[in-house]
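Residue numbers (my numbering): 1 to 320.
For glycine and all other residues, C-beta sits at the position ideal for the given N, C-alpha and C.
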Amino acid sequence: MKWAMIATWRMAVEGITEAGKDLSEGGFAGDAIEKAIKTVEDFPFYKSVGYGGLPNENCEVELDAAYMDGDTLSIGAVGGIRDFSNPISIARKLSYERFNCFLVGAGAESYAHKEGFERKNMLTDRAKLHYKKKYKETVEKGLSPYNGHDTVGMIAVDKNGKMVAGTSTSGLFMKRRGRVGDSPISGSGFYCDSEVGGASATGLGEDLMKGCISYEIVRLMKEGMHPQEACDKAVQELNDKLARKRGKAGDLSLVALNNKGEWGVATNIEGFSFSVVSETEEPTVYVCKKQENGKTSYEKASEEWLQAYLNRIHEPITFD
Ligand code: ASP
């Protein structure tokens with residue numbers, strides 16, 4: 001069997017590089033997903049996932065995460081959890097529960113505490129500065145603070161053909177306390193069935209959920225579509241429907257992988273990046289163009305693009 005991993009955004013590349021080595025040695029898809037997502041959660045300069053993630057409107061970091069086993073269809077998820085370092089590990093642990101496998105807020109925290117997960121203050125000084133800046137630029141001026149944000153979502157297939165999907169995010173920057181997006185919601189932020197494949201989303205949760213878009217992509221793959229075709233069709237249809245019914249569509253970006261290790265992506269925004277590693281492909285970052293006539297195109301990220309990315313995530317936060 002061909003092993004492979006695909007993940008949303010450039011920020012996943014270090015994680016999938018390490019996890020890909022394990023998969024190449026016969027490692028299990030579930031361990032690969034957890035390891036790769038933990039790497040993103042632990043890195044303080046990724047400001048949309050885990051430690052260093054951006055806070056809600058009360059300046060509190062509330063995190064969402066999910067884990068799905070494509071062999072058993074077991075799902076574990078947490079929503080709005082505070083002060084734990086690795087929400088993905090808590091979600092994975094919950095996936096072994098027959099009942100109560102999706103916990104939110106205080107309930108998720110007391111479960112994590114009882115199970116001995118590491119507590120950590122997830123609000124960094126840098127995230128506080130981002131919050132202050134955003135507050136000055138939007139809320140104080142009566143403007144909406146909501147714009148793009150990035151969830152890490154990934155799918156892996158291992159040498160035994162087992163598939164797992166996982167997500168982790170701090171959600172919409174400046175969200176209301178208690179707001180939960182698509183990322184921990186089965187069928188919206190992720191879905192995975194080892195008999196077919198998996199998909200995961202990033203973008204505006206409120207709109208991604210309107211189409212249960214990850215499930216829709218897996219359903220289309222089950223009907224025989226290649227992941228690329230399935231992603232393009234699902235994104236175009238949801239984008240057009242939202243535009244027709246509501247006047248506009250939020251950001252919708254999806255990645256998908258089937259159980260043969262073939263992958264696809266689609267997006268209605270410019271500049272969506274994603275990361276891939278497989279038996280036949282070194283860890284690679286790609287950058288997409290916005291979908292046109294139902295087709296998404298992408299190319300390998302250039303050295304300039306990769307360097308500009310690193311500069312951007314480390315640059316000092318300044319106030320006018
Ligand atoms: N989908 C996430 C949410 O709405 C955020 C993102 O991926 O940009 O919480």
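_Simplified DSSP assignment, three categories, for G107_ = G107: helix per DSSP, three-state reduction.
_Range covered by the beta strand (DSSP E) that runs through K300_ = Start and end: 298-300.
*With a threshold of 16 other CB atoms inside 10 Å of the CB of S278, please say whether the residue is buried or exposed.*
By the neighbour-count definition (other C-beta atoms within 10 Å, threshold 16), S278 is a buried residue.
*Going by the C-beta, is A201 closer than 8 Å to any heavy atom of ligand 1?*
A201 has its CB nearer than 8 Å to a heavy atom of ligand 1.
*For E229, which three-state DSSP category applies?*
Here E229 sits in helix by DSSP.
_Stretch pair the stretch 151-160 + the stretch 112-129: three plus CB contacts closer than 8 Å_ = The stretch 151-160 is not in contact with the stretch 112-129.
*Please list, in chain order, all residues of the same chain as K134 whose beta carbon is under 7 Å from its beta carbon, the five residues on each side excluded.*
If the five residues before and after K134 are omitted, its C-beta is found closer than 7 Å to the C-beta atoms of P145, F173, M174, all from its own chain and listed in chain order.
*Cβ of E281 within 8 Å of any heavy atom in ligand 1?*
No - ligand 1 has no heavy atom lying nearer than 8 Å to the Cβ of E281.
*Could you round the C-beta distance between V61 and A127 to whole angstroms and report it? I think they count as a contact, below 8 Å.*
About 7 Å separates the two Cβ atoms, so the contact holds.
*Could you check if M1 is buried or exposed, using at least 16 other CB atoms within 10 Å of its CB as the buried criterion?*
Exposed, because fewer than 16 other Cβ atoms sit within 10 Å of the Cβ of M1.
*Say whether the stretch 80-99 touches the stretch 43-62, bearing in mind that this needs 3 or more beta-carbon pairs closer than 8 Å, one atom from each stretch.*
The stretch 80-99 vs the stretch 43-62: in contact.
*Tell me which same chain residues have a C-beta within less than 7 Å of the C-beta of G161, skipping the five on either side of it?*
Same-chain partners within the cutoff: M1, S194, N259.
*Considering T39, what are the terminal residues of the alpha helix (DSSP H) in which it resides?*
Taken as a continuous stretch (DSSP letters only), the alpha helix (DSSP H) holding T39 covers 29-42.
*Any alpha helix (DSSP H) of 4 or more consecutive residues that is wholly inside the stretch 107-191*: Counting only runs of 4+ residues, the alpha helix (DSSP H) found wholly inside the stretch 107-191 occupies 125-137, in chain order.
_Quick check: does the Cβ of D150 come within less than 8 Å of any heavy atom belonging to ligand 1?_
In this structure, D150 has its beta carbon less than 8 Å from a heavy atom of ligand 1.
*If we count the other Cβ atoms within 10 Å of its Cβ and call it buried at 16 or more, is G211 buried or exposed?*
G211 comes out buried.
*Taking C-alpha atoms, which residue in V164, Y131, T284 lies nearest to Y298?*
Of V164, Y131, T284, the residue nearest in Cα terms is T284.
*Considering A310, what are the terminal residues of the alpha helix (DSSP H) in which it resides?*
Note on residue identity: the sequence assigns Leu, not Ala, to residue 310. Judged by DSSP secondary structure, L310 falls within the alpha helix (DSSP H) whose first and last residues are 303-314.
*Determine the DSSP secondary structure at N293, reduced to helix, strand or coil.*
Note: N293 maps to coil in three-state DSSP.
*Counted within 10 angstroms of its Cβ, other Cβ atoms place P316 as buried (16 or more) or exposed*: It is exposed - the Cβ of P316 has fewer than 16 other Cβ atoms within 10 Å.
_Residue range of the alpha helix (DSSP H) that includes S214_ = Note, S214: alpha helix (DSSP H), 213-222.
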